[in-house]
Amino acid sequence: MVPLLLPLFVLIAGILSGPFLDPHFVWLCFPLALLLGIAKRRLLLITVFLIGVARRDAIPPVPPDPGPEAVRLIGTVERAPEWRGIGITLDLTIVSVDRHPCPGRARLTEFLDNPDLLELFNRLDLGRGDSVEVLVALRRPTVYRDPGVFDYRRYLERQGIYWTGTIRNPRLITVMARGWHGPDRARRWIANRISRHFENDNERGLVMGMVLGRTSGLSADTERQFQAGGLFHLVVVSGFNIAVVASAVLWLTRLLLRSRMIRLLTVAVFVFIYTVLVGWQIPAVRAAIMAVTFIAGRILDRGHSPLNSTAFTAFVLLLIDPTSIEDSSFQMTFAAVTAVIGLGLPANQWAFGHWNPRLNQFDNVDRDGTLAVDVAAWRVERRMWCERYRLPYAVVLLPWRFGQLLGGAIITTLGVETVFIFFMVESFHRIAPISPLLNVPAGLIAAVMTPLGLLLIPLPHLAAVPVAILIRTLVRLLLWILQLGLTLPHATMRVPSAPVWLWSIYAVAAAVIVTAVWKKLAWLLITGSLTAAISLGMVAFGDFSPPPPRDVVVTFLDVGQGDCILLEFPDHRRMLIDGGGVAAGRFLGLREESTFSIGEDVVSAYLFSRGIRRLDTVVLTHAHNDHLDGLFDVVSNFQVGEAWLGRNPMIPAYRAFLDLLRERRIPVRWVSTGDRIGEFSVLHPPLNYSNRKSAQNNDSVVLLLDTGNQTALFTGDLEISIPAPAFVNLLKVPHHGSGGTKLKVRSNIRVISVGANNPFGHPAASALPALRTDRYGAIQVTLSGRMPAVQALR
Numbered sequence: 005m006v007p008l009l010l011p012l013f014v015l016i017a018g019i020l021s022g023p024f025l026d027p028h029f030v031w032l033c034f035p036l037a038l039l040l041g042i043a044k045r046r047l048l049l050i051t052v053f054l055i056g057v058a059r060r061d062a063i064p065p066v067p068p069d070p071g072p073e074a075v076r077l078i079g080t081v082e083r084a085p086e087w088r089g090i091g092i093t094l095d096l097t098i099v100s101v102d103r104h105p106c107p108g109r110a111r112l113t114e115f116l117d118n119p120d121l122l123e124l125f126n127r128l129d130l131g132r133g134d135s136v137e138v139l140v141a142l143r144r145p146t147v148y149r150d151p152g153v154f155d156y157r158r159y160l161e162r163q164g165i166y167w168t169g170t171i172r173n174p175r176l177i178t179v180m181a182r183g184w185h186g187p188d189r190a191r192r193w194i195a196n197r198i199s200r201h202f203e204n205d206n207e208r209g210l211v212m213g214m215v216l217g218r219t220s221g222l223s224a225d226t227e228r229q230f231q232a233g234g235l236f237h238l239v240v241v242s243g244f245n246i247a248v249v250a251s252a253v254l255w256l257t258r259l260l261l262r263s264r265m266i267r268l269l270t271v272a273v274f275v276f277i278y279t280v281l282v283g284w285q286i287p288a289v290r291a292a293i294m295a296v297t298f299i300a301g302r303i304l305d306r307g308h309s310p311l312n313s314t315a316f317t318a319f320v321l322l323l324i325d326p327t328s329i330e331d332s333s334f335q336m337t338f339a340a341v342t343a344v345i346g347l348g349l350p351a352n353q354w355a356f357g358h359w360n361p362r363l364n365q366f367d368n369v370d371r372d373g374t375l376a377v378d379v380a381a382w383r384v385e386r387r388m389w390c391e392r393y394r395l396p397y398a399v400v401l402l403p404w405r406f407g408q409l410l411g412g413a414i415i416t417t418l419g420v421e422t423v424f425i426f427f428m429v430e431s432f433h434r435i436a437p438i439s440p441l442l443n444v445p446a447g448l449i450a451a452v453m454t455p456l457g458l459l460l461i462p463l464p465h466l467a468a469v470p471v472a473i474l475i476r477t478l479v480r481l482l483l484w485i486l487q488l489g490l491t492l493p494h495a496t497m498r499v500p501s502a503p504v505w506l507w508s509i510y511a512v513a514a515a516v517i518v519t520a521v522w523k524k525l526a527w528l529l530i531t532g533s534l535t536a537a538i539s540l541g542m543v544a545f546g547d548f549s550p551p552p553p554r555d556v557v558v559t560f561l562d563v564g565q566g567d568c569i570l571l572e573f574p575d576h577r578r579m580l581i582d583g584g585g586v587a588a589g590r591f592l593g594l595r596e597e598s599t600f601s602i603g604e605d606v607v608s609a610y611l612f613s614r615g616i617r618r619l620d621t622v623v624l625t626h627a628h629n630d631h632l633d634g635l636f637d638v639v640s641n642f643q644v645g646e647a648w649l650g651r652n653p654m655i656p657a658y659r660a661f662l663d664l665l666r667e668r669r670i671p672v673r674w675v676s677t678g679d680r681i682g683e684f685s686v687l688h689p690p691l692n693y694s695n696r697k698s699a700q701n702n703d704s705v706v707l708l709l710d711t712g713n714q715t716a717l718f719t720g721d722l723e724i725s726i727p728a729p730a731f732v733n734l735l736k737v738p739h740h741g742s743g744g745t746k747l748k749v750r751s752n753i754r755v756i757s758v759g760a761n762n763p764f765g766h767p768a769a770s771a772l773p774a775l776r777t778d779r780y781g782a783i784q785v786t787l788s789g790r791m792p793a794v795q796a797l798r
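According to this note's numbering, the sequence shown is numbered sequentially starting from 5.
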């Protein structure tokens, strides 16, 4: 029985309904609903629904924008600055802005690649509780406004972070009062106690991530490998770590303590200590609350319903923070726990439950008389065999226990993967068939590494050395297993979003599997598993791309300070011109994820969200980062028919791109002035174009599209004047609206791809008026009829 499941669903319904209901009406109805609930208990669900609505309405509104000018921000430092690559992030609780009270938090970024600036910043010795004044231009967190792209702004706002900014110089920070830095010093001391044993950066980054959840030391390549193998949950603090700590403490207390209550309370204390140790990270806090709820149920002799405890935990967390329902981490945490409890554990009991009577208290002869005849005979035969050859009973017990452990781990992993596959496809656009196989050995290794890593903290140096050697061995083994698994064919695949009807079939199949496990019906389990496997095969290989448009559709994606344009044709062809680049994120200084990439997290996310698997043509206008970098991920993630390239100097990035095209066996078409390819005419560069040693704006490939009814000109970053039509229906304004452009072409629609708050001052007044991606997000232009039709997608 799960009596709290229905109230949880009603609370969720109330939270989701909150934006659509008048809060005054809710409060008027609340007393009546409460009276009805007192009269009839089931009607209390109405009160729960209204509470959900009220909690959603209680979310504070975003404070007003202070404007583009620098302000004097006074705030309190929440924690010691965190290093991210060549810079730091500084989280402040805002006290006032230009002496006006202002609620919320701010996340400030400062790049410290200059040694002098780094020394200045270190002298400030900022830490928890410091009151500081900062001269900084505040802005709302920049978000890439393309359908299907992660809403970074909303993610920060759920944490109360309404403002971001880039500190130009440490001299703009004034320390007004000092706080107590004790917790910061303790965290640094703990981190040093662990990290001092690992000289290899990659090994140190993995250990710090797996033990303390500090992923800033992980390289981008390592993170991507763990993501590809479906193992990234092991290198960040999550419910897995809490479960490992709780299990380790419980095992130790069983050896040392007799009182069941004291053992459980000790586990709760150590779970709390570990949560503090990792800095109150949200996933750890969530898992800790869940663990304490389970422990409380055990102490009160109500531990028989773990699903009910899970529902209670979710209920409490949603009451505290109703916006967490939007957080994929929240959803995945409870999906994983529900999968383990609702599918993994009963499946293990079905598969291996009959082993327990044979193995439990194996040396207890008196117990044989209480067991079935065949079970008792099995135990007697094996005890006699051990006594005959004078072997300890462990010779029999260990292989069976290991098989039970291994089989249970495989079944539990498959149960979790059954639920997780939806999140992996829709959130990360990835299927990793190798994941269930990798998660078993990787999970066992991680389960050993976490307590061993924590053991390095109290141990003196000499005693810690052999422990560190063992951890290094385990890290290398983990990396070897991961890299070996990823070399297998189709070990990991990138997939687009699947339609709702297909997920509905899969959900029914999953429900059939759960029913089969609980009812112990093998034929039903086979039926559900086959249906689920067929559904996933369709997700992995099916074509769910949108139908071709009636007219040519041009979509200018919002990639910040860069270019990326998708063209779709009535004959189902798709062309991508440029792919944006990481330069945009570097200019803005707002991204803290070391693996963030415009090509992966923006361009690919948009294409995948539309069900697209194939691009017939990819065009690189020129080899600047804000046009080239994103194409690396695009070419890796999608089937590409051919690539069009102009004349570019052999700089390292361009050479790497050519190598990738060769590796992916993508044909290259070298284009130059005068080429006619279908509806396209190439206007630049000429065949005899001479490059400089570095990439230049004027290397740009310029394409003229003629649909028969309308024309469009795609100009890259061209700044010189070239022979071109005097008028086109659609013009992509060159070089993000730079004032230095000499190409003058009239048009019905002008579009500028430009980043918000870019450091170049783009666009110039001379490039306006035009539609801008920094204001409208993704802009879609349909070349139909006499005039192009325009739509902002988000």
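Here a beta-carbon is modelled for each residue, glycine too, at the ideal position from N, C-alpha and C.
Sub-9 Å separation of residue i and residue j beta-carbons
i       : j       : result
Pro-287 : Val-240 : yes
His-628 : Asp-562 : no
Glu-723 : Ser-742 : yes
Gly-234 : Asn-368 : no
Lys-736 : Phe-560 : yes
Pairwise C-alpha distance: residue j and residue i
i       : j       : result
Ile-415 : Arg-371 : 30 Å
Ser-704 : Val-66  : 42 Å
Pro-145 : Leu-463 : 43 Å
Gly-447 : Leu-9   : 30 Å
Thr-327 : Ile-16  : 11 Å
Thr-422 : Leu-787 : 44 Å
Arg-595 : Glu-86  : Note that Arg-595 scores 40 on pLDDT, short of 50, meaning its location in the model is unreliable; the coordinates nonetheless yield the value given after this. Approximately 13 Å between the Cα atoms of the pair.
Ala-190 : Ala-398 : 43 Å
Val-147 : Asn-761 : 12 Å
Val-499 : Leu-281 : 38 Å
Gly-583 : Ser-698 : 19 Å
Ser-598 : Ala-232 : Only weak support is given to the placement of Ser-598: the predicted model assigns it a pLDDT of 49, under 50, and the value that follows is read from those uncertain coordinates. Rounded to the nearest angstrom, the two C-alpha atoms are 16 Å apart.
Val-672 : Trp-648 : 6 Å
Asp-225 : Val-99  : 40 Å
Arg-290 : Phe-276 : 11 Å
Leu-540 : Tyr-610 : 21 Å
Nearest neighbour of residue i, chosen from the options [CA to CA]
i       : options                            : result
Phe-426 : Asp-547, Gly-41, Ile-509           : Ile-509
Ser-501 : Thr-531, Asn-360, Ser-549          : Ser-549
Gly-71  : Ala-141, Gly-489, Gly-108, Leu-122 : Ala-141
Asp-378 : Phe-29, Val-622, Met-388, Pro-361  : Pro-361
Val-469 : Thr-51, Gln-365, His-201           : His-201
Thr-297 : Glu-207, Gln-714, Val-273          : Val-273
Pro-553 : Ile-655, Leu-570, Ala-544          : Leu-570
Ser-770 : Arg-779, Thr-745, Val-785          : Thr-745
Leu-458 : Arg-480, Asn-245, Asp-555          : Asn-245
Ser-613 : Phe-154, Gly-221, Thr-51           : Phe-154
Leu-772 : Phe-642, Asp-555, His-739          : His-739
Leu-2   : Val-101, Ala-195, Gly-634          : No statement about residue 2 is possible, as the shown extent of the chain runs from 5 to 798 and does not include it.
Ile-756 : Pro-729, Ala-730, Gln-784          : Gln-784
Pro-445 : Leu-456, Ala-413, Leu-709          : Ala-413
Bridge-paired residues (DSSP) for residue i
i       : result
Thr-170 : Thr-113
Gln-643 : Arg-618
Ser-135 : Thr-80, Ala-181
His-104 : Val-101
Ala-92  : Reading the sequence as shown, one finds Ile at residue 92 and not Ala. For Ile-92, which the question treats as bridged, DSSP gives the partners Trp-87, Glu-114.
Glu-667 : Paired residues: none, contrary to the question.
Asp-710 : Thr-715
Close beta carbons around residue i, own chain, < 6 Å, minus the five adjacent residues each side
i       : result
Gly-131 : Ala-84, His-185, Asp-188
Beta-carbon contacts of residue i that lie in its chain and below 7 Å, excluding the five residues immediately before and after
i      : result
Ile-19 : Gly-56, Arg-59, Arg-60, Leu-322, Pro-326, Ile-329
Leu-25 : Val-57
Same chain only: Cβ atoms within 8 Å of residue i, ignoring 5 sequence neighbours per side
i       : result
Ala-514 : Thr-422, Val-423, Gly-532, Ala-536
Ser-332 : Phe-427, Ser-431
Pro-437 : His-494, Ala-495, Thr-496, Met-497
Arg-91  : According to the sequence provided, residue 91 is Gly. The question's Arg does not apply to it. Closer than 8 Å at Cβ, skipping near neighbours: Thr-113, Glu-114, Phe-115, Leu-116, Asp-117, Gly-593.
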